[in-house]
Each structure stands twice: as C-alpha cells, then as structure tokens.
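K.L.:
With positions in the sequence shown counted from 1, the corresponding number in this note's numbering is that position plus 11.
Glycine included, C-beta positions come from ideal geometry on N, C-alpha and C.
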Amino acid sequence: MITGEQMETRRIIRWYFETGRTDGVPFYCDPERVGAFAVQRDELAAGSDRAVFRLFVTLSMYQALRDVVIMRQQRSMQRRLIRVVADVGTVKRAISSHACRALGSVEAFEGCDVSKNGQVIDCGTCPGIACHVKDATRVFKRMGDMGKLPTSAWLRCWRGGGMQALLEEVCREEPSPTKRAELLVQRFAAVHRVGRKLASMFVSSLSTPALAPGLTPWFPEIDGNELVVVDTNVARAVDSLRTPGGPRTYNARERWVREQAALIDLRVFHPDLPAYSPRLVQEALYAFCSKSNRLARGDTCAGRGTPCADCAPALCPFGM
12 MITGEQMETR RIIRWYFETG RTDGVPFYCD PERVGAFAVQ RDELAAGSDR
62 AVFRLFVTLS MYQALRDVVI MRQQRSMQRR LIRVVADVGT VKRAISSHAC
112 RALGSVEAFE GCDVSKNGQV IDCGTCPGIA CHVKDATRVF KRMGDMGKLP
162 TSAWLRCWRG GGMQALLEEV CREEPSPTKR AELLVQRFAA VHRVGRKLAS
212 MFVSSLSTPA LAPGLTPWFP EIDGNELVVV DTNVARAVDS LRTPGGPRTY
262 NARERWVREQ AALIDLRVFH PDLPAYSPRL VQEALYAFCS KSNRLARGDT
312 CAGRGTPCAD CAPALCPFGM
C-alpha cells in the first residue's frame with residue numbers, strides 16, 4: 012500500500028518531469044543567467060581543468076542567499092574580476108608567484124588570517140601586501156573569508172597533476188562509481204567554505220547525466236545519481252512529507268530521500284532515466300519548493316487560484 016508521504020512525493024516527481032524540469036542549457040553554462048561566470052559547454056563536456064574549476068567556483072557561490080540573488084551578483088561582475096576567482100591559470104600563477112608562507116601548502120593555508128572588516132581587507136601575516144586571497148575577497152564582496160575559497164580549492168584539488176590526477180587517484184582507490192562520487196564529495200567538501208551540500212551539488216553536476224545531458228564528463232566512471240543535496244528547500248520538503256519527529260539532520264534527510272527513491276522507478280517518466288536516482292528525486296523536491304526560481308522562469312502556478320493537478324498543497328510555495 013502506498014503511504015501518504017509516498018503519494019505526495021510521487022506527485023512532486025511527476026510535476027518535475029512533466030512540468031517543472033528545465034530542458035536546454037544548464038544555468039551555469041548560460042551567460043543570460045550567470046554572466047561571464049558561464050562555463051563553455053565544449054570545455055565542460057571535455058572535462059578540462061579550466062571548465063571544471065570555473066564550475067566549482069561558480070556553484071560554490073550559492074550559499075546563504077537565494078539562487079536568483081546570487082545569479083544577479085554573478086551577472087553584475089566584470090570579466091576581468093571573474094578571472095581573479097574563477098580562472099584556474101590566474102589562480103595558479105597568483106599563488107605560485109607569492110612569497111607568503113601561508114600559500115605554500117594545504118596545511119600552511121589553514122593559518123591564512125585574511126579577514127574583511129568593513130571595507131578594510133588585510134591580514135596579520137603579510138599586512139599591507141597584496142595577495143590573491145585579498146583580491147578574491149574584494150571580488151566576492153561577501154563574508155570576510157570567502158576569498159580563501161579559490162586558493163583553498165587549488166591547493167587541495169588542483170595542485171600537482173590537476174583534476175585528472177585526482178580522478179585517477181579516486182578510481183584506483185575505489186572500484187564502485189557511486190562510492191567514488193562520495194569520496195570526491197569528501198575531497199571537495201574540505202575546501203574552505205564549501206562543505207557537504209555544495210560539494211555534492213558540484214560532483215553530481217559532473218556525474219549525473221539526466222541533470223545536464225552531454226555535459227557530465229565524469230560519468231560513468233563517477234556516478235552521482237546516489238548523491239543528495241540537502242538545502243533549505245529540500246530540508247523543508249523532507250520535514251513536511253515524512254513522519255513527524257524525525258531527526259532534522261543532513262544524514263537523516265538524505266536517508267529519507269534515498270528511501271523514497273528506492274520505491275520509485277523513474278523510467279515510468281522517461282525511458283532514458285535511471286531506475287534509481289536519489290539525486291533526481293531530490294532535484295524534484297528542490298525545484299517544486301523553490302518559489303523564487305519558479306517565479307523567475309514564469310511558472311504558471313504563480314497566478315493560479317486553485318491547486319494544479321500535480322500539486323502537493325502542503326509544500327506548494329504559492330500557498331494553495
């Protein structure tokens with residue numbers, strides 16, 4: 012027997028694949044949405060270091076604010092400033108040419124004390140001396156330590172043999188494509204100000220074909236279908252749909268999404284979809300609950316006075 016939470020979850024998934032799914036260019040490749048941060052599709056399809064680094068920085072900006080606000084900020088940034096934070100060659104040269112001891116290794120960088128106090132950006136290690144971290148902090152214009160993110164990413168994941176070396180290392184270490192994805196999430200989550208949610212979003216964007224057909228160069232060696240990105244929209248959906256009283260933790264919500272995904276064969280919505288994909292189930296929950304994103308794409312439900320056929324009223328962001 013199908014439970015109430017299963018029925019509501021299936022309604023949302025049906026809405027996603029029949030109505031809410033956005034086909035075409037993913038937002039991170041679309042200059043109309045992210046400006047000069049947009050990743051070149053041919054470079055992304057090839058999995059180049061340049062494209063993957065730009066994607067990592069672009070996606071890592073989606074924290075603490077609504078997606079539409081971040082996109083507006085990204086569109087407003089000049090190309091020359093974006094190179095400071097999102098061009099892997101620029102970041103590499105800036106780090107390699109600087110004498111600051113904090114830029115010498117992952118361990119040393121933990122001691123980087125660059126901070127933002129109002130309009131003043133400086134550090135105690137090399138006060139008054141320009142560096143990439145300070146430049147990046149000015150570019151981001153957010154959070155006193157956000158400027159450490161590109162440097163931390165390069166030191167942890169690109170230094171040495173680049174991204175290809177990291178992928179080869181993970182593939183040697185773990186035979187399972189889905190577990191390889193989890194290992195990569197752990198690696199990228201260690202980057203300053205990234206964490207598990209953003210790392211899962213990044214890895215899955217490169218390894219879940221249904222999210223961006225033709226633009227997932229890590230698949231099938233890396234399979235991100237079992238990853239789950241728990242943001243505030245997904246957390247709200249899970250807490251509303253599941254039996255009351257469950258732990259409000261990332262692990263518990265992730266587990267619930269995976270349990271629901273195991274009960275649904277996604278091929279009923281399209282034969283090219285995988286039968287089991289917690290990542291796609293989670294994406295459906297996110298897309299349904301994100302009012303600002305639905306408004307931005309002109310969702311017809313915004314002007315309705317009554318629920319649509321596939322509505323889950325308890326979660327409808329338009330209050331029906």
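I need the straight-line Cα distance from Glu121 to Lys159, nearest angstrom please.
P.N.:
Cα-Cα distance, rounded: 10 Å.
K.L.:
Three or more C-beta pairs under 8 Å: does that hold for the region 89-106 against the region 132-139?
P.N.:
With a cut-off of 8 Å, the region 132-139 and the region 89-106 do not count as touching, because too few Cβ pairs lie within range.
K.L.:
Check this for me: beta carbons of Leu277 and Leu284, under 8 Å apart or not?
P.N.:
Yes, the Cβ-Cβ distance between Leu277 and Leu284 is below 8 Å.
K.L.:
Taking Cβ to Cβ, would you say Arg290 is nearer than 8 Å to Leu252?
P.N.:
Result no, Cβ atoms of Arg290 and Leu252 do not sit closer than 8 Å.
K.L.:
Let me know the secondary structure DSSP gives Met331 once reduced to three states.
P.N.:
Model confidence at Met331 stands at a pLDDT of 46, short of 50, so the residue's coordinates are unreliable; what they give is reported in the following sentence. Of the three classes helix, strand and coil, the one that applies to Met331 here is coil, per DSSP.
K.L.:
Give a yes or no on whether the C-beta atoms belonging to Phe48 and Thr33 are separated by under 8 Å.
P.N.:
Not in contact: Phe48 and Thr33 (Cβ atoms no closer than 8 Å).
K.L.:
Report all residues from its chain with a CB closer than 6 Å to the CB of Phe28; omit the five preceding and five following residues, and keep chain order.
P.N.:
These residues qualify, in order along the chain: Phe280.
K.L.:
Consult DSSP for Ile233 and reduce its assignment to one of helix, strand or coil.
P.N.:
Correct three-state label for Ile233: coil.
K.L.:
For Ala223, collect the residues of the same chain with a Cβ closer than 7 Å to its Cβ; drop the 5 residues on either side in sequence, then sort them by chain order.
P.N.:
Once the five neighbours on either side are set aside, the close Cβ partners of Ala223 are Pro37 and Ser216.
K.L.:
Alpha carbon to alpha carbon, how far is Gln271 from Cys123?
P.N.:
Going by the C-alpha atoms only, they are around 43 Å apart.
K.L.:
Does the Cβ of Arg191 have 16 or more other Cβ atoms within 10 Å, making it buried, or fewer, making it exposed?
P.N.:
Buried, since its Cβ has 16 or more Cβ neighbours within 10 Å.
K.L.:
In the structure shown, what three-state DSSP assignment does Val131 receive?
P.N.:
Three-state DSSP puts Val131 in a strand.
K.L.:
Put Val245 into one of helix, strand or coil per three-state DSSP.
P.N.:
If DSSP states are grouped into helix, strand and coil, Val245 belongs with the helices.
K.L.:
At the level of alpha carbons, what is the spacing between Asp133 and Lys145?
P.N.:
Their backbone Cα atoms lie some 7 Å apart in a straight line.
K.L.:
Suppose the cutoff is 7 Å on Cβ atoms and the five residues either side in sequence are ignored; what does the same chain contact list for Cys182 look like?
P.N.:
So the qualifying residues of the chain are Arg191 and Glu232.
K.L.:
Note down, one range per segment and in chain order, each beta strand (DSSP E) of at least 3 residues found wholly within the region 71-141.
P.N.:
Correct list: 126-128 and 131-133.
K.L.:
Can you tell me whether DSSP reads Ile24 as helix, strand or coil?
P.N.:
Reduced to three states, the DSSP call for Ile24 is helix.
K.L.:
Drop a sphere of 10 angstroms on the beta-carbon of Gly256, count the other beta-carbons inside from all chains shown, and report buried for 16 or more, exposed for fewer.
P.N.:
Per the 10 Å Cβ criterion, exposed.
K.L.:
Between which two residues does the alpha helix (DSSP H) holding Glu179 run?
P.N.:
Start and end: Gly173 to Glu184.
K.L.:
Examine the Cβ distances between the region 55-74 and the region 159-174 and report whether three or more of them are shorter than 8 Å.
P.N.:
Counting Cβ pairs under 8 Å, three or more are found: they touch.
K.L.:
Hey, would you say Gly235 sits closer than 8 Å to Val205, going by beta carbons?
P.N.:
No, the pair does not count as a contact, with Cβ atoms beyond the cut-off.
K.L.:
Once DSSP output is grouped into helix, strand and coil, what is the label at Val196?
P.N.:
Val196 falls in the helix class under three-state DSSP.
K.L.:
May I ask you to report which of helix, strand or coil DSSP gives Asp156?
P.N.:
Correct three-state label for Asp156: coil.
K.L.:
Quick one: using the 10 Å Cβ neighbour count with 16 as the cut-off for buried, is Lys208 buried or exposed?
P.N.:
Buried is the call here.
K.L.:
On a Cα-Cα basis, can you pick out the residue from Tyr297, Phe329 and Glu43 that is closest to Ile24?
P.N.:
When each option's Cα is compared against that of Ile24, the closest is Tyr297.
K.L.:
Measure how close the beta-carbons of Arg86 and Val45 come, nearest whole angstrom, since I'm counting them as under 8 Å.
P.N.:
Contact holds; Cβ gap of about 7 Å.
K.L.:
Could you compute how far the alpha carbon of Glu185 sits from the alpha carbon of Val150?
P.N.:
So the two alpha carbons sit approximately 38 Å from each other.
K.L.:
With a CB to CB cut of under 8 Å and the five nearest residues on each side skipped, what residues in its chain are close to Asp242?
P.N.:
Around Asp242: Lys208 and Tyr297.
K.L.:
Go ahead and pull the three-state DSSP assignment for Val45.
P.N.:
Helix.
K.L.:
How far does the alpha helix (DSSP H) with Gln293 in it extend, from its first residue to its last?
P.N.:
Looking at the DSSP string, the run of the alpha helix (DSSP H) that includes Gln293 is Pro289 to Cys300.
K.L.:
Exposed or buried, Gly15, counting other C-beta atoms within 10 Å across all chains shown (16 or more means buried)?
P.N.:
Looking at its Cβ environment, which holds fewer than 16 other Cβ atoms inside 10 Å, Gly15 is exposed.
K.L.:
Quick one: using the 10 Å Cβ neighbour count with 16 as the cut-off for buried, is Leu76 buried or exposed?
P.N.:
Leu76 is exposed by the Cβ-count criterion.
K.L.:
Using only alpha-carbon positions, find the residue among Ala201, Leu178 and Arg269 that is nearest to Trp229.
P.N.:
The option with the nearest alpha carbon to Trp229 is Leu178.
K.L.:
Put Ser211 into one of helix, strand or coil per three-state DSSP.
P.N.:
Helix, per DSSP.
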